[in-house]
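In what follows, a structure is listed as structure tokens, so that the remarks can point back to it.
Below is the structure:
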């Protein structure tokens, strides 16, 4: 989150005028229906005159089926007061879905109301009992909540051995050894405490510092699942402590197709890391060698949100990293063992440069068969030019995927008729009202969260796949391949990715005008394969591993 000189704000002035090639949508892509659907949540920064760094970068959520009724529930982390570590009035919140996209706050009595100062959350079935558990990254001690499948949770942090005490940001469950147990990668931001906070200024006022002001990049943590409900910290012997940085975003995927999952970490102001899985429990950082450590100019950026996807339909995982105001996004195109910086050719550069981007991720948001992007934005330091009384507020951006791996911005801004302008952080994807279109939940700093209900503006058709493993839990990191029209497409089951948030693992596939998919090949993370035939438009099909 590099704090640039004020002349860079000229980019804002350029960006405020709408390019001629942009076309207003006849029908908006989204409508914020948080209030009428019962999702009333405000992430509280606790700012009280003196800026503490976690107040400006935190705020994540998880979308997943909490209670086994096959709809999408919402779990949100809460902030509170950095100055008062004993505060208990600010707790994480659990909202249960009634099956039609309306929510009730079910936090009380659920065991889910952790009261630490929360940064983010991820989900995974760590105990192989068939439901998704919650791992919460906090400023002052992380927490693992075990799900009993009925919407009740138990804090098992101590007995599981995953209570990382550093300030953590994003994290991800993944099976690093293909042994059937989910391991856990935790990206730590900076070695920080309230006592080590620095004094920084912007436009003559006390303000939030960049990570470089602390000169304290944090080493990340890797926990290996022992298969008995406990974990072992293997950070040193695995190699992930060999290099450290200011980690904010984490995404997992098999980059080189060797059958083992790799881990990418988006670092703030220092080189990114690409931990290549050696298949024996160890990892090597190949970010520099593969071309994703820095941009095409050889410069590290302020990496925040990140995601893997096959953008150009060549069967390989490409990589998106969103960055700070004045820097473009980084879209790295996989060339088969190395990456090329394809940001300029993707046309993302002029769209992204004028914002500070946090939440992101690839999803087909208009059911046309191509991947789109939503970006949640918000400054991290004051500027002379303010759009609202919130000095950090920025518009969010909706970006449509086009043929050839190109992108264009959707107008009106953010895809909504009503102007939404706040300091946005984590986002979560999922079809909350079960109408076949992907909705988005957005966390805002000191303002109501958005529940963006997809209007499916082009009326595209869809199928939804629920891929489950032998335990009945989502088949984390499973890959599906299929043909749609003249395109050979790859999609993945992934709960992580983006920024400090987790997404509904149901795999949503837009069909455009196609009526079916004749054959789908499924590859689970352990290499097992199966073929599914004749999935029709509008169908929601559950696919069991090995059946």
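In our numbering, the protein residues as written are 1468 to 2014. Positions of the beta carbon are idealized from the N, C-alpha and C atoms, including for glycine.
Query	Result
Tell me, please, which residues DSSP counts as bridged to residue 1895.	1908
Using the beta-carbon count (16 or more within 10 Å), is residue 1522 buried or exposed?	buried
Leaving aside the five residues before and after residue 1670 along the sequence, list all residues of the same chain whose C-beta is less than 7 Å from its C-beta, in chain order.	1849, 1850, 1851
When the Cβ atoms of the segment 1611-1629 are set against those of the segment 1917-1934, are three or more pairs found closer than 8 Å?	no
Please state the DSSP three-state secondary structure of residue 1878.	strand
Name the two residues that bound the continuous alpha helix (DSSP H) containing residue 1959.	Run containing residue 1959: none in the alpha helix (DSSP H); it sits in the beta strand (DSSP E), 1954-1959.
In whole angstroms, what is the alpha-carbon distance linking residue 1675 and residue 1846?	10 Å
Note down the Cα distance separating residue 1844 from residue 1888, rounded to an integer number of angstroms.	9 Å
My parser needs the beta strand (DSSP E) runs of 3 or more residues fully inside the segment 1971-2004; what are they?	1974-1979, 1983-1990, 1996-2003
Residues in its own chain within less than 8 Å of residue 1994 by CB, not counting five upstream and five downstream?	1645, 1726
Measuring CA to CA, which of 1890, 1757, 2014 is closest to residue 1765?	1757
When you compare only the Cα positions, how much space is there between residue 1923 and residue 1659?	44 Å
Of the residues 1587, 1947, 1607, which one's Cα is nearest the Cα of residue 1968?	1587
Restricting to Cα atoms, I'd like to know which of 1664, 1979, 1636 is closest to residue 1832.	1979
Between the C-alpha atoms of residue 1841 and residue 1867, what's the straight-line distance to the nearest angstrom?	9 Å
Closest by CA to residue 1617, which one among 1647, 1985, 1563, 1610?	1563
Looking at the ligand MG, does it come within less than 8 Å of residue 1724, judged from the CB to the closest heavy atom?	With respect to the ligand MG, the structure offers nothing, as it holds no ligand at all.
Checking 9 Å against the spacing of the C-beta atoms, do residue 1807 and residue 1799 come in under that value?	yes
In whole angstroms, what separates the C-alpha of residue 1514 from that of residue 1633?	21 Å
Once the 5 residues before and after residue 1858 are set aside, which same chain residues still bring their CB inside 8 Å of it?	1846, 1849, 1850
Pick helix, strand or coil for residue 1552, following the three-state DSSP scheme.	coil
Examine chain C for any beta-carbon lying closer than 9 Å to the beta-carbon of residue 1745, and answer yes or no.	Chain labels in this structure do not include chain C; a single protein chain is all it has.
Pull up the distance between the alpha-carbon of residue 1602 and that of residue 1583, whole angstroms please.	13 Å
My guess is that residue 1539 and residue 1897 are in contact by the Cβ rule of under 8 Å, so how many angstroms apart are they, rounded?	4 Å
When DSSP labels each residue in this structure, what does residue 1680 get in the three-state scheme?	helix
Please say whether residue 1990 and residue 1940 have beta carbons closer to each other than 9 Å?	no
Looking at residue 1498: is its Cβ nearer than 9 Å to the Cβ of residue 1885?	yes
Measure the CB-CB distance between residue 1770 and residue 1733 and report whether it falls below 9 Å.	yes
Below 8 Å, can you find three or more Cβ-Cβ pairs linking the segment 1768-1783 to the segment 1711-1727?	yes
Drop a sphere of 10 angstroms on the beta-carbon of residue 1516, count the other beta-carbons inside from all chains shown, and report buried for 16 or more, exposed for fewer.	exposed
Pair every Cβ in the segment 1566-1584 with every Cβ in the segment 1549-1558, then say whether three or more of these pairs are closer than 8 Å.	yes
Could you tell me the distance, in whole angstroms, from the CA atom of residue 1997 to the CA atom of residue 1744?	24 Å
What do you reckon, are the CB atoms on residue 1596 and residue 2011 nearer than 9 Å?	no
Spatial neighbours of residue 2002 within its chain, please: CB distance less than 7 Å, with the 5 preceding and 5 following residues excluded, ordered by chain position.	1930, 1983, 1984, 1987, 2008
Between the alpha carbons of residue 1600 and residue 1622, how many angstroms are there, rounded?	10 Å
Do you know whose CA, among 1529, 1661, 1694, 1873, lies nearest residue 1961's CA?	1529
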